[in-house]
Every structure is written in structure tokens, then in C-alpha cells.
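Note that UniProt numbering has the sequence shown beginning at 1, numbered continuously upward. Beta carbons: idealized from backbone N, C-alpha and C, even for Gly. See below for the structure under consideration.
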Amino acid sequence: MVREWSGRAPGWIALVVHGYGEHSGRYQWLAEQLVSARAVVVAPDLPGHGESPGERVLISDAEQVVADLDAVRREVSERYPQLPVVLIGHSLGGMFAVRFAQEHQDELAAVVLSGPVLGTWHVLDLLECDEIPQAPIDPSTLSRDPEVGREYEADPLVWHGSFKRATLRMIDRCLEAVNDGPALRLPTLWVHGEDDELVPEADTRTGIDRVRGLDFYEHVYPGARHELFNETNRAEVVDEVLTFVGRELNT
């Protein structure tokens with residue numbers, strides 16, 4: 001399942017990768033802002049997520065996700081061959097985005113990472129349990145706007161159950177691969193919430209420091225939680241993203 005948004009006279013492609021347990025439909029508002037800035041937005045549902053097939057939230061192979069993302073990129077680039085591609089990854093989608101960028105640096109113009117899972121992640125401690133406990137994501141960690149949490153809880157396409165062991169093992173392997181992979185030569189913007197309890201900024205930084213290149217920018221937003229594109233200051237965040245993209249694409 002791939003959602004797409006576009007307007008008149010597009011000038012660039014935004015490939016958006018959502019986070020664990022959610023789906024691309026939650027990025028409607030972000031897509032509208034990007035389209036207003038002349039983007040064609042494509043956002044696939046990850047395997048086992050949203051409207052994509054497969055056992056719910058089961059992802060066993062990160063490299064297959066990277067290959068799937070590249071297939072989406074190639075398909076939209078065939079339709080818009082002159083447009084540069086900007087990869088935007090949130091949370092677990094940020095991990096996949098970095099791995100994709102490491103393997104396909106020449107196919108991208110820039111990368112934006114929002115609260116990415118990099119370095120270490122405390123959720124992986126669940127692998128030490130004989131049985132994975134029921135530990136669904138706390139909606140209050142997503143945004144200071146309580147409506148975001150309420151909509152998340154009520155969304156039937158969001159997974160509200162426990163983590164799958166195979167998925168946690170995949171994340172562990174992928175983080176090791178990212179850490180051992182090349183630094184990003186691409187222009188990269190990393191944004192994070194200072195009060196992100198789900199993916200703490202300090203843990204992400206340990207991974208960021210392994211992959212950051214020379215053309216790298218970061219902004220930690222005071223008081224913000226995990227979903228910066230759904231935060232109370234989301235307009236400010238998107239403005240920074242669009243300023244970064246405009247500068248790098250000279251638009």
C-alpha cells in the first residue's frame with residue numbers, strides 16, 4: 001500500500017517512511033504542507049502495517065524494507081524523471097531511511113530524520129524477556145496535544161498490541177548494520193524532541209555520531225515529544241524542514 005499526494009507543477013519528490021505500529025495515513029497533514037511546497041509525496045505502509053499485507057508489525061528483514069523503498073522510489077522517479085528525491089523518515093522509519101541512504105546515496109538529494117531510532121533503543125531490552133510482555137506504545141509520549149493521543153488510540157490501522165520478537169531482532173541487527181555502515185555524504189537534517197521518552201535524544205545521538213557527514217544539521221526542540229510532525233509546534237518543524245529542503249535543492 002502506497003499513498004500519494006501531489007499538486008500542480010511539482011518540483012521534488014518526498015519519500016516518507018512512517019514509524020513502528022502506525023501507517024502512512026497519519027501523515028496527511030505533513031503531506032499537504034509538502035505538496036504546498038511543490039512536492040510529490042509518496043508514503044508506503046511498511047510490511048505488516050496499515051493497509052499493507054503480512055502479519056501485524058512483523059518485519060524480519062530490514063534489507064527487504066530497503067529494497068521495497070527503492071522500488072517505490074524507482075516507480076515515482078520513472079514518472080517524474082527530472083525531480084530530486086528527499087527521503088523523510090520518522091522513528092523506526094528513520095532507521096530504515098538511514099540504512100536506505102547508506103546504500104543509495106547517489107539516488108537521493110537529501111535526508112530528513114524525525115526522532116529516528118538509531119544507536120541504541122531501550123525497547124530492545126524486551127529481547128531479554130522469556131516472553132515479550134504486553135507493552136503497547138503510550139499515546140501520551142507522542143505529542144503535547146492530547147488529541148493526537150486520542151486519535152492514535154482510536155485508529156484501527158494502528159497496532160496497539162505487544163512487540164514481536166522477530167521485529168525486535170531485526171531492529172537490533174539493522175542498528176548494528178547502520179553503525180558499521182558508511183557516513184552519509186548527503187545533506188541531512190535531524191530533528192528531535194527534547195522530551196521524547198519513546199526514542200530518547202541521547203540514545204539516538206550515539207547512532208547519529210556514527211553516520212553524520214559534513215553536510216549535517218540538527219535541531220532538538222525544547223519540550224517537544226516524539227511525533228514532531230504532530231506536535232503543538234508542528235508548523236515550526238515543517239518550516240525548518242522546508243527551509244532545509246529549499247536550500248539544498250536551490251528552490
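Separation of residue j from residue i, as counted between CA atoms
i	j	result
D125	P182	26 Å
F100	E32	24 Å
R8	V112	23 Å
L108	E55	31 Å
S77	P10	12 Å
P116	V41	20 Å
V67	G25	Note that residue 67 is Ala in the sequence shown, not Val. Roughly 21 Å separates the two Cα atoms.
V158	L83	32 Å
L58	E131	16 Å
N230	L46	20 Å
G246	V72	23 Å
P146	L87	28 Å
A166	D180	21 Å
L175	E51	26 Å
V220	H122	20 Å
D239	L34	10 Å
G48	Y217	32 Å
A39	P81	14 Å
Y27	I208	24 Å
V85	N250	13 Å
D203	W29	28 Å
E153	C129	26 Å
Assumed close pair residue i, residue j - CB separation to whole angstroms, cut-off 8 Å
i	j	result
R225	S143	5 Å
P222	E194	5 Å
V178	L127	Actually they are not in contact, since the Cβ atoms of V178 and L127 sit about 18 Å apart, beyond 8 Å.
T206	T120	6 Å
V148	E227	7 Å
E236	P187	The pair is not a contact, with the Cβ atoms about 20 Å apart (cut-off 8 Å).
L184	V241	Rounded, the Cβ-Cβ distance is 17 Å, inconsistent with contact.
Proximity winner among the options, relative to residue i (alpha-carbon distances)
i	options	result
R79	I13, D155, V65, E231	I13
G89	D155, V191, E107	V191
R74	H104, E55, G54, D145	H104
S36	G48, W5, A166	W5
V44	H23, Q28, L34, D239	The residue you asked about is not Val; residue 44 is Pro in the sequence shown. The candidate whose alpha carbon is nearest that of P44 is H23.
D196	D106, P139, V57	P139
P53	V2, A71, Y27	V2
E201	S114, L69, P81, V85	S114
A110	R234, T232, L15, H219	L15
D215	R234, D239, F244	F244
G213	Q102, H49, G48	Q102
D70	G48, D106, I208, V220	D106
Per DSSP, the bridge partner or partners of residue i
i	result
G89	V17, L113
A202	Looking at the DSSP assignment, A202 forms no beta bridge with any residue, so it has no partner.
P44	V2
Y217	L189
A31	Answer is none; A31 lacks a bridge partner.
residue 307	No information on residue 307 is available, as it lies outside the stretch 1 to 251 that the chain covers here.
W12	A39
(message) Pairs of beta-carbons, one from the stretch 16–23 and one from the stretch 88–98, closer than 8 Å: are there three or more?
(response) yes
(request) Give a yes or no on contact between the stretch 158–171 and the stretch 57–65, applying the rule of three or more CB pairs nearer than 8 Å. (result) yes
(message) Contact between the stretch 157–167 and the stretch 132–141 is defined here as three or more beta-carbon pairs at a separation below 8 Å; is this criterion met?
(response) yes
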